[in-house]
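Numbering (the working numbering), first residue to last: 735 to 990. Step one of this worksheet: look at the structure below.
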(Lines of atoms letter the chains of each structure in order from A; the text may use other names.)
(Lines give C-alpha, C1' and ligand atoms only; values in the text may rest on other atoms or scores of the structure.)
Protein backbone atom coordinates (compact mmCIF):
# COMPACT_ATOMS: atom_id res chain seq x y z
CA UNK A 735 0.00 0.00 0.00
CA UNK A 736 1.39 3.39 -0.99
CA UNK A 737 1.71 5.72 1.99
CA UNK A 738 -0.47 8.78 1.49
CA UNK A 739 0.90 12.22 2.26
CA UNK A 740 -0.48 15.75 2.31
CA UNK A 741 1.07 18.17 -0.18
CA UNK A 742 1.01 21.91 0.33
CA UNK A 743 4.15 23.95 -0.39
CA UNK A 744 3.56 27.23 -2.16
CA UNK A 745 5.19 29.89 -4.28
CA UNK A 746 7.82 32.06 -2.68
CA UNK A 747 6.12 34.96 -4.42
CA UNK A 748 3.11 34.67 -2.10
CA UNK A 749 3.92 36.46 1.11
CA UNK A 750 2.52 36.46 4.62
CA UNK A 751 -1.18 37.06 5.06
CA UNK A 752 -2.30 35.22 1.94
CA UNK A 753 -5.12 32.69 1.84
CA UNK A 754 -4.24 29.17 3.05
CA UNK A 755 -6.01 25.87 2.51
CA UNK A 756 -5.69 22.51 4.24
CA UNK A 757 -3.39 20.32 2.07
CA UNK A 758 -4.84 17.61 -0.17
CA UNK A 759 -3.75 14.01 0.30
CA UNK A 760 -1.96 12.12 -2.49
CA UNK A 761 -4.83 9.66 -2.62
CA UNK A 762 -6.30 8.59 -5.98
CA UNK A 763 -9.82 8.19 -4.59
CA UNK A 764 -9.73 11.67 -3.02
CA UNK A 765 -8.37 13.32 -6.16
CA UNK A 766 -10.77 11.46 -8.44
CA UNK A 767 -13.70 12.52 -6.31
CA UNK A 768 -12.43 16.10 -6.20
CA UNK A 769 -12.10 16.17 -10.00
CA UNK A 770 -15.69 14.98 -10.37
CA UNK A 771 -16.88 17.53 -7.81
CA UNK A 772 -15.26 20.23 -9.96
CA UNK A 773 -16.99 19.06 -13.12
CA UNK A 774 -15.28 16.03 -14.67
CA UNK A 775 -18.14 13.81 -15.83
CA UNK A 776 -18.55 10.86 -13.45
CA UNK A 777 -16.86 7.65 -14.54
CA UNK A 778 -14.94 9.15 -17.46
CA UNK A 779 -11.52 9.70 -15.85
CA UNK A 780 -9.76 8.70 -12.62
CA UNK A 781 -6.46 8.88 -10.80
CA UNK A 782 -4.49 5.69 -10.22
CA UNK A 783 -1.44 4.96 -8.09
CA UNK A 784 1.86 4.40 -9.88
CA UNK A 785 3.28 1.90 -7.43
CA UNK A 786 6.81 1.68 -8.82
CA UNK A 787 8.93 2.90 -11.70
CA UNK A 788 9.24 -0.80 -12.60
CA UNK A 789 5.47 -1.45 -12.68
CA UNK A 790 4.31 0.97 -15.36
CA UNK A 791 2.72 -1.84 -17.37
CA UNK A 792 -0.04 -2.26 -14.79
CA UNK A 793 -1.10 1.41 -14.90
CA UNK A 794 -4.43 1.73 -16.76
CA UNK A 795 -4.30 3.47 -20.14
CA UNK A 796 -4.58 5.96 -21.69
CA UNK A 797 -2.61 8.15 -19.30
CA UNK A 798 -3.17 11.86 -19.94
CA UNK A 799 -1.30 13.39 -16.98
CA UNK A 800 1.11 12.36 -14.23
CA UNK A 801 1.13 13.98 -10.79
CA UNK A 802 4.12 13.82 -8.46
CA UNK A 803 4.18 14.59 -4.75
CA UNK A 804 7.76 15.09 -3.59
CA UNK A 805 9.69 16.47 -0.59
CA UNK A 806 11.23 19.87 -1.24
CA UNK A 807 14.97 20.01 -0.53
CA UNK A 808 17.94 22.22 -1.34
CA UNK A 809 18.77 19.94 -4.27
CA UNK A 810 15.30 20.12 -5.81
CA UNK A 811 15.28 23.89 -5.40
CA UNK A 812 18.68 24.17 -7.07
CA UNK A 813 17.50 21.98 -9.97
CA UNK A 814 14.51 24.27 -10.48
CA UNK A 815 16.82 27.26 -10.95
CA UNK A 816 18.46 25.53 -13.93
CA UNK A 817 15.23 24.35 -15.57
CA UNK A 818 14.39 24.95 -19.24
CA UNK A 819 11.52 27.36 -18.72
CA UNK A 820 9.19 28.12 -21.60
CA UNK A 821 9.80 31.64 -22.90
CA UNK A 822 7.18 34.28 -22.21
CA UNK A 823 6.19 33.02 -18.72
CA UNK A 824 3.28 31.01 -20.10
CA UNK A 825 1.16 34.00 -21.15
CA UNK A 826 -1.03 34.38 -24.24
CA UNK A 827 1.88 35.61 -26.39
CA UNK A 828 4.01 32.52 -25.83
CA UNK A 829 5.46 30.43 -28.60
CA UNK A 830 4.01 27.58 -26.49
CA UNK A 831 0.69 29.15 -25.64
CA UNK A 832 -1.09 25.79 -26.01
CA UNK A 833 0.19 24.97 -22.51
CA UNK A 834 -2.21 26.10 -19.79
CA UNK A 835 -0.28 27.35 -16.76
CA UNK A 836 -1.44 28.90 -13.48
CA UNK A 837 0.63 30.35 -10.64
CA UNK A 838 0.05 29.14 -7.08
CA UNK A 839 -0.61 32.02 -4.66
CA UNK A 840 -2.82 30.17 -2.15
CA UNK A 841 -0.98 28.34 0.62
CA UNK A 842 -1.28 24.53 0.48
CA UNK A 843 -3.09 24.69 -2.89
CA UNK A 844 -0.48 22.75 -4.87
CA UNK A 845 -2.68 19.65 -5.19
CA UNK A 846 -5.52 21.71 -6.63
CA UNK A 847 -3.16 23.56 -8.97
CA UNK A 848 -1.74 20.24 -10.19
CA UNK A 849 -5.28 18.95 -10.76
CA UNK A 850 -6.18 22.13 -12.66
CA UNK A 851 -3.08 21.74 -14.85
CA UNK A 852 -3.95 18.09 -15.55
CA UNK A 853 -7.51 18.88 -16.62
CA UNK A 854 -6.89 22.20 -18.38
CA UNK A 855 -4.20 20.73 -20.61
CA UNK A 856 -6.49 17.85 -21.55
CA UNK A 857 -9.77 19.71 -21.98
CA UNK A 858 -9.92 18.37 -25.53
CA UNK A 859 -9.94 14.82 -24.13
CA UNK A 860 -11.75 15.04 -20.78
CA UNK A 861 -15.54 15.27 -20.60
CA UNK A 862 -16.49 18.33 -18.55
CA UNK A 863 -19.98 19.19 -17.37
CA UNK A 864 -21.03 22.65 -18.53
CA UNK A 865 -22.37 23.52 -15.10
CA UNK A 866 -19.10 22.55 -13.36
CA UNK A 867 -16.22 24.64 -12.04
CA UNK A 868 -13.68 23.46 -14.63
CA UNK A 869 -15.84 24.36 -17.63
CA UNK A 870 -16.65 27.80 -16.23
CA UNK A 871 -13.12 28.60 -15.07
CA UNK A 872 -11.49 27.47 -18.32
CA UNK A 873 -14.02 29.45 -20.34
CA UNK A 874 -12.96 32.56 -18.38
CA UNK A 875 -9.22 31.98 -18.31
CA UNK A 876 -8.40 29.67 -21.21
CA UNK A 877 -7.52 32.08 -24.00
CA UNK A 878 -7.03 35.72 -24.82
CA UNK A 879 -6.14 38.70 -22.66
CA UNK A 880 -7.13 36.98 -19.41
CA UNK A 881 -5.05 33.87 -19.96
CA UNK A 882 -1.84 34.90 -18.19
CA UNK A 883 -0.78 32.80 -15.16
CA UNK A 884 -1.10 35.66 -12.67
CA UNK A 885 -4.66 36.47 -13.71
CA UNK A 886 -5.61 32.80 -13.37
CA UNK A 887 -4.14 32.78 -9.86
CA UNK A 888 -6.17 35.87 -8.97
CA UNK A 889 -9.35 34.25 -10.28
CA UNK A 890 -8.68 31.18 -8.09
CA UNK A 891 -8.20 33.41 -5.05
CA UNK A 892 -11.66 34.89 -5.54
CA UNK A 893 -13.57 31.65 -6.21
CA UNK A 894 -15.59 30.70 -3.12
CA UNK A 895 -16.97 27.58 -4.82
CA UNK A 896 -13.45 26.19 -5.10
CA UNK A 897 -12.74 27.09 -1.46
CA UNK A 898 -15.66 24.97 -0.31
CA UNK A 899 -14.89 22.02 -2.59
CA UNK A 900 -11.22 21.98 -1.58
CA UNK A 901 -12.12 22.02 2.13
CA UNK A 902 -14.50 19.09 1.64
CA UNK A 903 -11.89 16.85 -0.02
CA UNK A 904 -8.90 18.00 2.05
CA UNK A 905 -10.73 16.53 5.06
CA UNK A 906 -10.86 13.11 3.36
CA UNK A 907 -8.16 10.45 3.07
CA UNK A 908 -6.11 8.09 5.23
CA UNK A 909 -4.13 10.66 7.21
CA UNK A 910 -5.34 13.36 9.57
CA UNK A 911 -5.48 16.80 8.00
CA UNK A 912 -2.94 19.33 9.34
CA UNK A 913 -3.85 22.89 10.22
CA UNK A 914 -4.16 25.14 7.17
CA UNK A 915 -1.29 27.34 8.43
CA UNK A 916 1.04 24.44 9.21
CA UNK A 917 4.25 24.35 7.17
CA UNK A 918 4.25 21.43 4.73
CA UNK A 919 7.45 20.50 2.86
CA UNK A 920 5.74 18.24 0.31
CA UNK A 921 4.68 19.61 -3.07
CA UNK A 922 2.62 18.50 -6.09
CA UNK A 923 3.67 19.05 -9.70
CA UNK A 924 2.02 17.87 -12.91
CA UNK A 925 3.44 16.43 -16.15
CA UNK A 926 1.50 16.67 -19.42
CA UNK A 927 2.12 16.21 -23.13
CA UNK A 928 1.22 19.09 -25.43
CA UNK A 929 2.29 19.65 -29.02
CA UNK A 930 4.73 16.75 -29.00
CA UNK A 931 6.58 18.02 -25.90
CA UNK A 932 6.68 16.95 -22.26
CA UNK A 933 5.95 19.79 -19.84
CA UNK A 934 6.33 20.00 -16.08
CA UNK A 935 3.85 22.40 -14.50
CA UNK A 936 4.68 23.74 -11.04
CA UNK A 937 2.68 26.69 -9.73
CA UNK A 938 5.64 27.77 -7.60
CA UNK A 939 7.70 28.46 -10.71
CA UNK A 940 7.49 31.37 -13.16
CA UNK A 941 6.56 29.31 -16.24
CA UNK A 942 6.13 25.75 -17.58
CA UNK A 943 9.28 23.64 -17.80
CA UNK A 944 9.97 21.85 -21.10
CA UNK A 945 11.58 18.41 -20.95
CA UNK A 946 11.78 17.46 -24.62
CA UNK A 947 9.97 15.28 -27.13
CA UNK A 948 6.99 13.25 -25.97
CA UNK A 949 3.89 11.61 -27.41
CA UNK A 950 0.57 10.63 -25.81
CA UNK A 951 1.70 7.00 -25.87
CA UNK A 952 5.01 7.73 -24.10
CA UNK A 953 3.80 10.29 -21.54
CA UNK A 954 3.91 7.85 -18.62
CA UNK A 955 7.46 6.48 -19.13
CA UNK A 956 8.78 9.90 -20.19
CA UNK A 957 7.38 11.60 -17.09
CA UNK A 958 8.61 8.84 -14.78
CA UNK A 959 12.08 9.11 -16.33
CA UNK A 960 12.21 12.81 -15.40
CA UNK A 961 10.92 12.03 -11.92
CA UNK A 962 13.65 9.43 -11.42
CA UNK A 963 16.50 11.59 -12.72
CA UNK A 964 15.44 14.99 -11.39
CA UNK A 965 13.72 14.23 -8.10
CA UNK A 966 14.52 10.74 -6.85
CA UNK A 967 18.20 10.92 -7.79
CA UNK A 968 18.51 14.21 -5.91
CA UNK A 969 17.20 12.58 -2.72
CA UNK A 970 18.23 8.91 -2.91
CA UNK A 971 17.45 8.16 0.76
CA UNK A 972 14.04 9.86 0.69
CA UNK A 973 10.95 7.65 0.56
CA UNK A 974 8.19 10.28 0.45
CA UNK A 975 7.52 10.21 -3.28
CA UNK A 976 4.04 9.53 -4.61
CA UNK A 977 3.18 9.25 -8.31
CA UNK A 978 -0.36 9.29 -9.68
CA UNK A 979 -1.61 8.83 -13.24
CA UNK A 980 -4.75 10.50 -14.55
CA UNK A 981 -6.29 7.98 -16.94
CA UNK A 982 -9.36 8.01 -19.16
CA UNK A 983 -12.02 5.33 -18.99
CA UNK A 984 -11.56 3.36 -22.22
CA UNK A 985 -15.30 3.61 -22.93
CA UNK A 986 -15.08 7.40 -22.88
CA UNK A 987 -11.56 7.97 -24.23
CA UNK A 988 -11.30 10.71 -26.85
CA UNK A 989 -8.35 10.03 -29.22
CA UNK A 990 -5.31 12.31 -28.79
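We put the CB at the ideal spot given by N, CA and C, even for glycine. Treat the numbers as computed from the prediction; the structure is a model and nothing was measured.
Taking only runs of the alpha helix (DSSP H) that begin and end inside the region 751-824, which ones reach a length of at least 4 residues, in chain order? 762-771 and 808-815
Report the CB separation of residue 883 from residue 837 in whole angstroms; it is logged as a contact under 8 Å. As a working note, residue 883 is residue 149 in the chain shown. As a working note, residue 837 is residue 103 in the chain shown. Confirmed, about 5 Å.
Which first and last residues belong to the beta strand (DSSP E) in which residue 934 is found? One-based indexing of the chain shown puts residue 934 at position 200. First-last of the beta strand (DSSP E) with residue 934: 931-935.
Assuming residue 764 and residue 906 form a contact by the criterion Cβ under 8 Å, report the distance between their Cβ atoms to the nearest whole angstrom. On the chain shown, residue 764 is found 30 positions in, with the first residue counted as 1. On the chain shown, residue 906 is found 172 positions in, with the first residue counted as 1. Right, the Cβ-Cβ distance comes to about 5 Å (below 8 Å), so this counts as a contact.
On the DSSP bridge list, what partners appear for residue 924? Sequence index remark: in the chain shown, residue 924 carries index 190 (1-based). Note: residue 924 sits in a beta bridge opposite 801 and 935.
I'd like to check one pair, residue 921 with residue 806: are the Cβ atoms closer than 8 Å? Stepping through the chain shown from its first residue, residue 806 is reached at position 72. Stepping through the chain shown from its first residue, residue 921 is reached at position 187. Result yes, Cβ atoms of residue 806 and residue 921 sit closer than 8 Å.
Minimum Cβ-Cβ distance from residue 941 to chain B less than 8 Å: Looking at the structure shown, chain B is missing, and only one protein chain is on hand.
Measure the beta-carbon distance from residue 982 to residue 778 and round it to whole angstroms, keeping in mind my assumption that it falls under 8 Å. Against the chain shown, residue 982 aligns to sequence position 248. Against the chain shown, residue 778 aligns to sequence position 44. Confirmed, Cβ separation roughly 7 Å.
Pick from 785, 775, 813 and 811: whose alpha carbon is nearest that of residue 801? Within the chain shown, numbered from 1, the residue matching residue 801 stands at position 67. Minimum Cα distance to residue 801 is reached at 785.
Collapsed DSSP secondary structure at residue 943 in the structure displayed: Taking the chain shown and counting its residues from 1, one reaches residue 943 at position 209. Three-state result, residue 943: strand.
Burial state of residue 894 (16 or more Cβ within 10 Å): Translated into positions along the chain shown, residue 894 becomes position 160. Exposed, since its Cβ has fewer than 16 Cβ neighbours within 10 Å.
On the DSSP bridge list, what partners appear for residue 978? As a position in the chain shown, residue 978 is number 244, starting the count at 1. DSSP, once it has assigned bridges, lists 783 and 801 as partnering residue 978.
From the DSSP output, read off the bridge partner residues of residue 841. Position 107 of the chain shown, counted from the first residue, corresponds to residue 841. Looking at the DSSP assignment, residue 841 forms a beta bridge with 754.
Going by the beta-carbon positions, is the gap between residue 848 and residue 926 smaller than 8 Å? Here residue 848 refers to the residue found at position 114 of the chain shown. Here residue 926 refers to the residue found at position 192 of the chain shown. Not closer than 8 Å, so no.
Provide the residue span of the alpha helix (DSSP H) that contains residue 892, from first to last. Walking along the chain shown from the start, residue 892 turns up at place 158. Start and end: 883-892.
First and last residue of the uninterrupted alpha helix (DSSP H) at residue 957: Stepping through the chain shown from its first residue, residue 957 is reached at position 223. Residues 953-960.
How long is the line joining the alpha carbons of residue 843 and residue 984, rounded to whole angstroms? The residue you call residue 843 lines up with position 109 of the chain shown. The residue you call residue 984 lines up with position 250 of the chain shown. C-alpha separation (whole angstroms): 30 Å.
Nearest CA to the CA of residue 955: which residue from 757, 796 and 970? Here residue 955 is taken as the residue at index 221 of the chain shown, counted from 1. For the residues 757, 796 and 970, the minimum Cα distance to residue 955 belongs to 796.
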